[in-house]
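Numbered per the numbering used here, the sequence shown finishes at 305, counting up by one with no gaps.
Scroll down for the structure; my scribbles are underneath it.
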Amino acid sequence: MKLLVLCFAFIINNDVQSFEVPVYKKTPLKIITEMSTQPDLKQEAVPLVTNPSTALGRPLSDELMGFNKNAVGLLKGAIFDTWFAGESRNYARFYALETIARVPYFAYLSVLHYYETIGIWRKAKYLRLHFAESWNELHHLLIMEELGGADSWLDRFFAQHVAVGYFTFVAALYLVNPTHAYNLNHAIEEHAFSTYDTFLRENEDKLKQLPAPKAAIDYYRNGDLYMFDAMQIDTCEPRRPDINNLYDVFVAIRDDEAEHVKTMAFLQQGDKELTTSHDEVCNVPEEVVGA
Numbered sequence: 015m016k017l018l019v020l021c022f023a024f025i026i027n028n029d030v031q032s033f034e035v036p037v038y039k040k041t042p043l044k045i046i047t048e049m050s051t052q053p054d055l056k057q058e059a060v061p062l063v064t065n066p067s068t069a070l071g072r073p074l075s076d077e078l079m080g081f082n083k084n085a086v087g088l089l090k091g092a093i094f095d096t097w098f099a100g101e102s103r104n105y106a107r108f109y110a111l112e113t114i115a116r117v118p119y120f121a122y123l124s125v126l127h128y129y130e131t132i133g134i135w136r137k138a139k140y141l142r143l144h145f146a147e148s149w150n151e152l153h154h155l156l157i158m159e160e161l162g163g164a165d166s167w168l169d170r171f172f173a174q175h176v177a178v179g180y181f182t183f184v185a186a187l188y189l190v191n192p193t194h195a196y197n198l199n200h201a202i203e204e205h206a207f208s209t210y211d212t213f214l215r216e217n218e219d220k221l222k223q224l225p226a227p228k229a230a231i232d233y234y235r236n237g238d239l240y241m242f243d244a245m246q247i248d249t250c251e252p253r254r255p256d257i258n259n260l261y262d263v264f265v266a267i268r269d270d271e272a273e274h275v276k277t278m279a280f281l282q283q284g285d286k287e288l289t290t291s292h293d294e295v296c297n298v299p300e301e302v303v304g305a
């Protein structure tokens, strides 16, 4: 079995080529490139095996990326917008969204642990990144539960069963091509960002009159922010949300989704090394990290 998987990984690796997708820019860090050093040959830039996409995946065509984006939009409109129609269903919608949003990171971790166990590929920073992302989504979920989003048994049943099926699908997709799995989640996180952004614009005055849930205060203000910083890539500037009311909480959640969008876009590229404020390339004052 291990030999077959190794052969499969070898075939995939020999089909990898560099490509680019838009990235949500922040403060750029050290970019690592590698040049061919073969004698008497013109030196050309070649991608490093820096992430699961370059190590185990293949680039996607523009048509396939467009299909993913359209499919996510169609499912959102046909299922989510129908099931959770109405202003009173917002928190239930967000509960379901966060229940399902954690699933891809669980799937990535499962497959990466599998590859590490059988000796195909290992880079601990991606385990840390995807766990940090799942940790972030967990706290979004705790916030929605505190707001009453999980009060209905039927909503819990719907969200949890969709999540189980989605986990199986994403894990299989990640085994076949991590780039495709990242691109699909990129489209989903874009919709999550848009959903929260619209909710904020439509309910700003009301949300500013409501208190922040304890789960949000414990996570964003009083908690250990190591894992929060671990999901902020390509920057040396730790983000510290200002949490004073429910509006601030949803601003923080929306901005977290923007970080996930940026990360998913980043991971589809093969010419950059993943960096966070925890890496040696950053010199962040201790009082900021501990703030």
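All C-beta atoms in this analysis are idealised placements derived from N, C-alpha and C, irrespective of residue type, glycine included.
- Shortest Cα-Cα distance from glutamate 216 to any of Ala195, Met245, Ala229 and Val265 involves Val265.
- C-alpha of phenylalanine 171 to C-alpha of histidine 154: approximately 19 Å in a straight line.
- The C-beta of serine 148 has 16 or more other C-beta atoms within 10 Å across all chains shown, which makes the residue buried.
- Membership of isoleucine 114 in the alpha helix (DSSP H) is indicated by the continuous run 104-115.
- Here the C-alpha atom of phenylalanine 242 lies approximately 14 Å from the C-alpha atom of arginine 268.
- Excluding five sequence positions before and after tyrosine 105, the CB atoms of its chain that fall closer than 7 Å to its own CB belong to Met158, Leu161, Gly162 and Gly163, given in chain order.
- Residue environment: threonine 277 is assigned as buried (16 or more neighbouring CB atoms within 10 Å of its CB, all protein chains considered).
- Within 10 angstroms of the beta-carbon of leucine 168 lie fewer than 16 other beta-carbons, which makes it exposed.
- If you draw a straight line from the Cα of lysine 228 to the Cα of lysine 220, it comes to about 19 Å.
- Segment contact: the segment 172-180 against the segment 105-116, three or more CB-CB distances shorter than 8 Å; contact assigned.
- If you ignore the 5 residues before and after glutamate 204, its C-beta comes within less than 7 Å of the C-beta of Val275, all in its own chain and listed in chain order.
- Histidine 200 and arginine 103 have their C-alpha atoms roughly 25 Å apart.
- Rounded to whole angstroms, aspartate 270 and leucine 156 show a C-alpha spacing of 15 Å.
- Counting other Cβ atoms within 10 Å of its Cβ, leucine 281 reaches 16 or more and is therefore classed as buried.
- The alpha-carbon separation between lysine 137 and glycine 237 amounts to approximately 27 Å.
- Apart from sequence neighbours up to five positions away, the residues of its chain that approach valine 263 with a beta-carbon distance below 7 Å are Ile157, Ala226, Pro227, Ala230 and Ile257, ordered along the chain.
- According to the DSSP assignment, glutamate 101 belongs to no alpha helix (DSSP H), since it is labelled neither H nor E.
- For phenylalanine 183, the closest C-alpha among the options Met79, Ala279 and Ser124 is that of Ser124.
- Taking C-beta atoms as the reference points, asparagine 197 and leucine 74 count as a pair closer than 8 Å.
- Within the DSSP secondary-structure output, isoleucine 247 pairs in a beta bridge with Thr290.
- Cβ contact annotation for tyrosine 119 (same chain, cutoff 8 Å, sequence separation greater than five): His144, Phe145, Glu147, Ser148 and Glu151, in chain order.
- For glycine 179, the uninterrupted alpha helix (DSSP H) segment begins and ends at 167-190.
- The C-alpha of isoleucine 132 lies about 15 Å from the C-alpha of proline 66.
- The three-state reading of DSSP puts lysine 90 in helix, counting H, G and I together.
- Between leucine 187 and alanine 195, the C-beta spacing is below 8 Å.
- Looking only at Asp232, Asn82 and Leu214, the smallest Cα-Cα distance to glutamate 101 is reached by Leu214.
- With contacts defined by Cβ atoms closer than 8 Å, leucine 189 and leucine 224 do not form a contacting pair.
- Rounded to the nearest whole angstrom, the C-alpha separation of alanine 99 and arginine 107 is 9 Å.
- A residue is called buried once 16 or more other Cβ atoms fall within 10 Å of its Cβ, and isoleucine 202 is buried on that count.
- Comparing alpha-carbon positions, the option among Lys139, Met79 and Tyr109 lying closest to aspartate 293 turns out to be Lys139.
- Per DSSP, leucine 239 lies in no alpha helix (DSSP H) and is assigned neither H nor E.
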